[in-house]
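**Student:** Residue numbers (our numbering), protein chains in the order written: chain C, 6 to 246; chain P, 6 to 246.
There are 2 protein chains.
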Amino acid sequence: MTESRADAPRHETAGRMARVLVVDDEPQLVRALTINLRARKYEVDAAHDGASALHLAATRHPDVIILDLGLPDMDGVEVISGLRGWTRVPVIVLSARHASDEKVEALDAGADDYVTKPFGMDELLARLRAAVRRATPADEEDVVVETGALTFDLAAKKVRRDGSDVRLTPTEWHVLEVLVRNSGRLVTQRQLLQDVWGPSYETETNYLRVYMAQLRRKLEKDPAHPRHFITESGMGYRFER
Amino acid sequence: MTESRADAPRHETAGRMARVLVVDDEPQLVRALTINLRARKYEVDAAHDGASALHLAATRHPDVIILDLGLPDMDGVEVISGLRGWTRVPVIVLSARHASDEKVEALDAGADDYVTKPFGMDELLARLRAAVRRATPADEEDVVVETGALTFDLAAKKVRRDGSDVRLTPTEWHVLEVLVRNSGRLVTQRQLLQDVWGPSYETETNYLRVYMAQLRRKLEKDPAHPRHFITESGMGYRFER
DNA sequence: TTGGGGCGTCAGGACTTCGTCAACGGACGC
DNA sequence: GCGTCCGTTGACGAAGTCCTGACGCCCCAA
Chain C
6 MTESRADAPR
16 HETAGRMARV
26 LVVDDEPQLV
36 RALTINLRAR
46 KYEVDAAHDG
56 ASALHLAATR
66 HPDVIILDLG
76 LPDMDGVEVI
86 SGLRGWTRVP
96 VIVLSARHAS
106 DEKVEALDAG
116 ADDYVTKPFG
126 MDELLARLRA
136 AVRRATPADE
146 EDVVVETGAL
156 TFDLAAKKVR
166 RDGSDVRLTP
176 TEWHVLEVLV
186 RNSGRLVTQR
196 QLLQDVWGPS
206 YETETNYLRV
216 YMAQLRRKLE
226 KDPAHPRHFI
236 TESGMGYRFE
246 R
Chain P
6 MTESRADAPR
16 HETAGRMARV
26 LVVDDEPQLV
36 RALTINLRAR
46 KYEVDAAHDG
56 ASALHLAATR
66 HPDVIILDLG
76 LPDMDGVEVI
86 SGLRGWTRVP
96 VIVLSARHAS
106 DEKVEALDAG
116 ADDYVTKPFG
126 MDELLARLRA
136 AVRRATPADE
146 EDVVVETGAL
156 TFDLAAKKVR
166 RDGSDVRLTP
176 TEWHVLEVLV
186 RNSGRLVTQR
196 QLLQDVWGPS
206 YETETNYLRV
216 YMAQLRRKLE
226 KDPAHPRHFI
236 TESGMGYRFE
246 R
């Protein structure tokens with residue numbers, strides 16, 4: 006009965022199933038969660054300490070993070086702060102402590118939800134769905150952006166140029182996506198580097214030069230004089246439709 | 006101790022304090038919540054049944070709703086569904102029922118959080134802050150300032166003059182931004198130098214002369230007789246729209 | 001009238017940032 | 001084990017930006 010509605014609501018992001026990062030130092034709990042989540046078609050990554058949690062968050066870009074507060078290497082609130090410096094990904098805190106002030110601390114540090122152990126798997130999954138749903142922008146339809154010759158389908162991860170598909174590498178796509186989602190707005194080099202490569206790459210501006218060049222070569226009519234992928238020297242880049 | 010951090014994080018939306026709609030049929034609880042919330046500078050509306058809750062949600066546009074599931078006139082989940090048809094306002098559910106399936110039901114109906122009675126006021130307030138914080142970026146402050154021929158979009162870092170984009174260098178932007186954010190007010194040379202170049206450049210007034218000239222050349226119709234970028238001799242500069 | 005302070009303008013050189021290319025090495029499939 | 005694809009580096013000239021000093025104007029006070 007409690008099981009029946011487990012897969013009822015959508016819990017996907019932009020077409021694919023949501024990716025979950027599970028952070029806990031108890032292997033058994035991680036295992037149980039992983040099995041349950043995979044059974045519901047989530048993609049699951051797991052970390053057993055704070056350091057690898059932050060690293061995985063940066064490299065894998067999960068759609069939601071389940072975070073145990075009792076980690077061996079760092080305080081759970083520190084992990085939250087470390088995440089909130091550069092991302093707003095939903096964080097659901099797990100903790101054995103019922104103490105009110107710990108809840109308050111975690112929530113004010115930027116956590117989105119707080120579940121005390123032992124918890125019901127159904128409830129956790131429901132809270133997970135709620136977190137993913139919240140984080141998914143309402144404009145799910147609005148993911149097709151068009152310019153004269155270019156068409157981006159952000160949901161399907163497809164780019165067409167003059168009617169034929171263009172192949173992009175994962176990183177190229179990621180850069181493109183950030184720019185297109187901020188269509189018309191200036192995106193700072195910092196934000197691009199953080200969004201695509203993670204917070205520790207903030208200064209690797211040559212990555213951007215390489216990938217902007219590749220995007221222009223694949224998408225611009227005259228790559229040397231770009232019309233859509235504009236450089237704002239010293240500040241960042243801008244996608245102009 | 007648990008009280009001390011109550012007003013620490015911001016819980017405002019676009020400058021004003023957040024508006025909360027409290028929905029519960031127990032007058033005592035409504036009263037207690039109202040007092041606590043008002044003490045923390047929230048604006049509070051209260052409803053004691055589902056029908057008036059829906060009505061108040063529509064007319065008062067709260068930033069967050071605290072909703073008791075045990076209402077006299079309708080099921081709590083129906084209220085959530087009624088809301089979700091047209092708004093994504095965060096809903097925090099209160100309930101005396103600990104049953105897991107009820108939580109799942111409410112969350113899947115579109116609730117954002119679920120707190121069981123009896124609850125700690127600190128915890129509820131923390132969850133409230135989390136909900137407001139999450140929802141805030143939706144109305145990303147679109148700082149657009151317009152004068153006759155000029156349009157500044159501070160968020161997108163875009164300037165248009167007579168309909169066509171104007172390119173500014175990073176420093177030019179920085180100067181412009183300080184002036185425009187203080188639209189109509191005099192900005193002293195000192196403040197400009199400090200904001201743009203840093204505290205150790207307070208006396209380099211010739212920087213200002215150079216950059217004001219460049220801004221005028223790019224933005225004024227008659228740079229020699231500026232209309233918007235006004236010099237207040239001996240004091241500073243002023244942007245007049 | 002004269003001198004000086006504050007301001008606007010201009011242009012060149014130092015410096016930073018950008019675009020481009022080529023090469024390396026790991027991951028993956030065949 | 002071999003080729004391919006992809007991400008990462010480093011190097012270089014080109015382009016863009018910033019600072020600086022010089023000069024002239026205007027206004028006001030001496």
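Every residue gets a Cβ at the ideal spot worked out from N, C-alpha and C, and that includes glycine.
The model shown is predicted, which means the values in this text are computed figures rather than measured ones.
1. My parser needs the beta strand (DSSP E) runs of 3 or more residues fully inside the stretch 44-103 of chain P; what are they?
2. Starting from the C-beta of THR210/P, find all residues in its chain whose C-beta is less than 7 Å away, skip the five residues before and the five after it, and write them out in chain order.
3. Using the beta-carbon count (16 or more within 10 Å), is LEU191/P buried or exposed?
4. Rounded to whole angstroms, what is the Cα-Cα separation between GLU48/P and GLU110/P?
5. Strictly under 8 Å for the Cβ-Cβ distance: is ARG132/P near chain C by that measure?
6. Just to confirm, are GLY241/P and LEU197/P a CB contact at a threshold of 8 Å?
7. Name the DSSP bridge partner or partners of PHE124/C?
8. Evaluate HIS233/C with the Cβ neighbour count: other Cβ atoms within 10 Å of its Cβ, from every protein chain shown; 16 or more gives buried, anything less gives exposed.
9. Compare the C-alpha of PRO175/P against each of GLY239/C, LEU26/C and VAL171/C and name the closest.
10. Quick check: is the beta carbon of VAL109/P nearer than 8 Å to any beta carbon in chain C?
11. Report the neighbours of ARG139/P on chain C: residues whose CB is nearer than 7 Å to its CB, in chain order.
12. According to the Cβ coordinates, are LEU61/P and ILE97/P closer than 8 Å?
13. Rounded to the nearest angstrom, how far is the Cβ of THR39/P from that of VAL27/P, given a contact under 8 Å?
14. Count the C-beta pairs between the stretch 126-141 of chain C and the stretch 80-95 of chain C that are closer than 8 Å, then say yes if the count reaches three, no if not.
15. I need the DSSP call for ASP167/C, collapsed to helix, strand or coil.
16. Given this structure, state the Cα-to-Cα distance separating GLY81/C from LEU88/P, to the nearest angstrom.
17. One question on the structure: do ALA114/C and ASP68/C come within less than 8 Å of each other, judged by their Cβ atoms?
18. Decide if PHE124/P is buried, meaning its Cβ has at least 16 other Cβ atoms within 10 Å, or exposed.
19. For MET240/C, decide whether its Cβ has a neighbour in chain P, counting only Cβ atoms nearer than 8 Å.
20. Return the chain-ordered list of same chain residues with a C-beta closer than 6 Å to the C-beta of VAL185/P, the five sequence neighbours on each side being excluded.
21. How far does the alpha helix (DSSP H) with ARG172/C in it extend, from its first residue to its last?
22. For GLU225/C, I'd like the list of residues in its chain whose CB is within less than 7 Å of its CB, leaving aside the five on either flank, ordered along the chain.
**Tutor:** In this structure, then:
1. 48-52, 69-73 and 96-100
2. The count along the second sequence starts at 1 and reaches residue 210/P at position 205. Hits under 7 Å: GLN194.
3. Within the second sequence, residue 191/P is the residue found at index 186, counting from 1. Counting Cβ neighbours within 10 Å, LEU191/P comes out exposed, since fewer than 16 surround it.
4. Translated into positions along the second sequence, residue 48/P becomes position 43. Translated into positions along the second sequence, residue 110/P becomes position 105. Between GLU48/P and GLU110/P, the C-alpha separation is close to 29 Å.
5. Along the second sequence, read from residue 1 onward, the residue named residue 132/P stands at position 127. Answer yes: the Cβ-Cβ gap between ARG132/P and chain C drops below 8 Å somewhere.
6. Residue numbering aside, residue 241/P sits at position 236 when the second sequence is read from its first letter. Residue numbering aside, residue 197/P sits at position 192 when the second sequence is read from its first letter. Yes, the Cβ-Cβ distance between GLY241/P and LEU197/P is below 8 Å.
7. Translated into positions along the first sequence, residue 124/C becomes position 119. PHE124/C pairs with nothing; no bridge assigned.
8. Within the first sequence, the letter at position 228 stands for residue 233/C. So HIS233/C counts as buried.
9. Residue 175/P sits at position 170 when you count from the first residue of the second sequence. Comparing Cα positions, the closest option is GLY239/C.
10. Indexing the second sequence from 1 puts residue 109/P at position 104. So, interface residue.
11. As a position in the second sequence, residue 139/P is number 134, starting the count at 1. Those within 7 Å of ARG139/P in chain C are ASP117 and ARG139.
12. Counted from its first residue, the second sequence places residue 61/P at position 56. Counted from its first residue, the second sequence places residue 97/P at position 92. Not a contact, by the Cβ cut-off of 8 Å.
13. In the second sequence, the residue the question calls residue 39/P occupies position 34. In the second sequence, the residue the question calls residue 27/P occupies position 22. Confirmed, about 6 Å.
14. yes
15. As a first step, residue 167/C must be located in the first sequence, where it is residue number 162. ASP167/C: coil per DSSP, three-state reduction.
16. The residue you call residue 81/C lines up with position 76 of the first sequence. The residue you call residue 88/P lines up with position 83 of the second sequence. Going from the Cα of GLY81/C to the Cα of LEU88/P covers about 34 Å.
17. Translated into the one-based positions of the first sequence, residue 114/C becomes position 109. Translated into the one-based positions of the first sequence, residue 68/C becomes position 63. Not a contact, by the Cβ cut-off of 8 Å.
18. One-based indexing of the second sequence puts residue 124/P at position 119. By the 10 Å Cβ count, PHE124/P comes out exposed.
19. By one-based count along the first sequence, residue 240/C stands at place 235. Yes, MET240/C lies at the interface with chain P (some Cβ there is under 8 Å from its Cβ).
20. Residue mapping note: residue 185/P aligns to position 180 of the second sequence, counting from 1. For VAL185/P, where only same-chain residues beyond five positions count, the Cβ hits under 6 Å are VAL150, PHE157 and PHE244.
21. On the first sequence, residue 172/C is found 167 positions in, with the first residue counted as 1. Neither: ARG172/C is in no alpha helix (DSSP H) and is coded neither H nor E.
22. One-based indexing of the first sequence puts residue 225/C at position 220. Same-chain partners within the cutoff: PRO231, ARG232, HIS233 and PHE234.
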